[in-house]
Amino acid sequence: MPASAEPRVALYFDFDNIVISRYDQLHGDGAYRKDTSRTKAPTAGTQAAARLLEATVDVDAVLDYASTFGTIALARAYADWSTPVNASYRGQLIDRAVDLVQLFPLVKSMKNGADIRLAVDAVEDMFRLPDLTHVVIVAGDSDYIALAQRCKRLGRYVVGIGITGSISRALTAACDEFVTYDALPGVPVLQPAKEKPRRTRAKQPDDEPEPPDPQAAATGLLERALRIGLEKDDADWLHNSAVKAQMKRMDPSFSEKSLGFRSFSDFLRSRSDVVDLDETSTTRMVRLKDQP
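Counting from 14, one number per residue, gives the positions in the sequence shown under our numbering.
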């Protein structure tokens, strides 16, 4: 791949995926289909429109986050843009130079084949534009596992963005980095539907067990990363940046901000029963508690 002074990013939205997932996240599993939201416009002034407005996807937040990885060289959004709910986003997407790829439902279930079209285009782009360094996939389901793996094999850094409740853990593992839409800067924290806690496996192809408590899972991840660092470097104290990098490699979805902490140091301070944090110098060091 030719060297480039500035990383170059390719961004791909499975737009129906995130619109439906966001709506179901806030209004309950299957609510988008039950409410026939596909045929409604969020500007109609009705109760249905109000529910759509509440579930509006902040396109700017996604694009702004993608731009932190480098220059967005190309951006495409795949959907049936003739439907009222998707059409309401067209102006905003065009203003941000996102190409709109028109798809039509192939079956009554409204599946439009976005995953196949998006994957074919992305792989073609990797060969056509060898200076692309990052691929951002805005979708959370397992249809994109093979694409993420393929992009990584072609030497690209793969970032996934998905809606909580519709994220495949296998896709998360296939990416170099994965962030939930709710954790993006600028996205307001909204109360999900009351039935939301029961749909932790939405859109998952396999019957997976209930996910663990996020805080407990993060603590376990921290401990494993520290033990790995201890064995690898034969050192009690490790740089906190190195520990975070190892945690991200082990679980690309890890984000201290999604857990409610402003910084990784704040996250470490909250685990004072597990780790010691040395802040006596500008280089913060961390170790497992009770190490000699």
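The beta carbon of each residue, even a glycine, is placed where N, CA and C say it ideally should be.
Sequence-distant residues of its chain with Cβ nearer than 6 Å to residue i (five each side left out)
i, result
"phenylalanine 280", "Glu269 and Phe274"
"isoleucine 150", "Tyr25, Tyr157 and Gly173"
"aspartate 37", "Ala44 and Tyr45"
"arginine 89", "Tyr25, Asp112 and Val114"
"cysteine 164", "Val148 and Val171"
"aspartate 289", "Arg300 and Lys302"
Strand pairing of residue i, partner residues [DSSP]
i, result
"glycine 173", "Ile150 and Phe191"
"glutamine 115", "Ala92"
"aspartate 247", "BP columns for aspartate 247 are empty, so no partner."
"phenylalanine 26", "Ala90 and Val151"
"isoleucine 85", "Val22"
"arginine 240", "Paired residues: none, contrary to the question."
"methionine 298", "His252 and Asp291"
Alpha-carbon to alpha-carbon, residue j and residue i
i, j, result
"leucine 131", "aspartate 27", "8 Å"
"arginine 166", "alanine 62", "43 Å"
"threonine 49", "aspartate 71", "21 Å"
"alanine 44", "arginine 240", "44 Å"
"lysine 216", "alanine 110", "Annotation note: pLDDT 47 at lysine 216 (below 50); position unreliable, no value reported."
"asparagine 30", "alanine 238", "33 Å"
"leucine 251", "alanine 127", "44 Å"
"valine 75", "leucine 197", "7 Å"
"glutamate 292", "methionine 298", "7 Å"
"glutamine 228", "serine 271", "10 Å"
"alanine 183", "proline 225", "16 Å"
"aspartate 249", "leucine 243", "6 Å"
"glycine 175", "asparagine 253", "27 Å"
"leucine 66", "serine 80", "25 Å"
"glutamate 137", "leucine 39", "35 Å"
"lysine 245", "alanine 68", "46 Å"
"glutamate 19", "phenylalanine 82", "9 Å"
Own chain residues within Cβ distance below 7 Å of residue i, not counting five before or after
i, result
"lysine 257", "Phe277"
"arginine 46", "none"
"arginine 212", "Note that arginine 212 scores 46 on pLDDT, short of 50, meaning its location in the model is unreliable; the coordinates nonetheless yield the value given after this. So the qualifying residues of the chain are Asp42 and Gly178."
"phenylalanine 267", "Ala231, Leu234, Met260 and Lys261"
"arginine 284", "Thr232 and Leu235"
"leucine 116", "Tyr91, Ala92, Asp93, Asn125, Gly126, Ala127 and Arg130"
"isoleucine 33", "Tyr45"
Residue from the options whose Cα sits closest to the Cα of residue i
i, options, result
"glycine 87", "Ala54, Arg141 and Arg297", "Correcting the residue type first, residue 87 is leucine in the shown sequence and not glycine. When each option's Cα is compared against that of leucine 87, the closest is Arg141."
"alanine 152", "Leu24, Gln115, Ala18 and Leu106", "Leu24"
"methionine 139", "Asp156, Ala161 and Asp154", "Ala161"
"tyrosine 78", "Tyr194, Asp156, Pro225 and Asp286", "Tyr194"
"aspartate 247", "Arg300, Leu116 and Val136", "Arg300"
"isoleucine 180", "Pro201, Ile158 and Arg169", "Ile158"
"glutamate 190", "Asp37, Ser34, Asp264 and Pro118", "Asp264"
"arginine 21", "Arg103, Arg282, Pro201 and Thr146", "Thr146"
"arginine 51", "Pro118, Val287 and Phe82", "Pro118"
Neighbourhood of residue i by C-beta, 8 Å cutoff - its chain only, sequence neighbours within 5 removed
i, result
"isoleucine 107", "Leu113"
"alanine 100", "Ala54 and Trp94"
CB contact below 8 Å: residue i versus chain C
i, result
"arginine 300", "No chain C appears in this structure, which consists of one protein chain only."
Fully enclosed by the segment 260-294, which beta strand (DSSP E) runs are 3 residues long or longer? If we require 3 residues or more, the beta strand (DSSP E) runs fully inside the segment 260-294 come out as 288-291.
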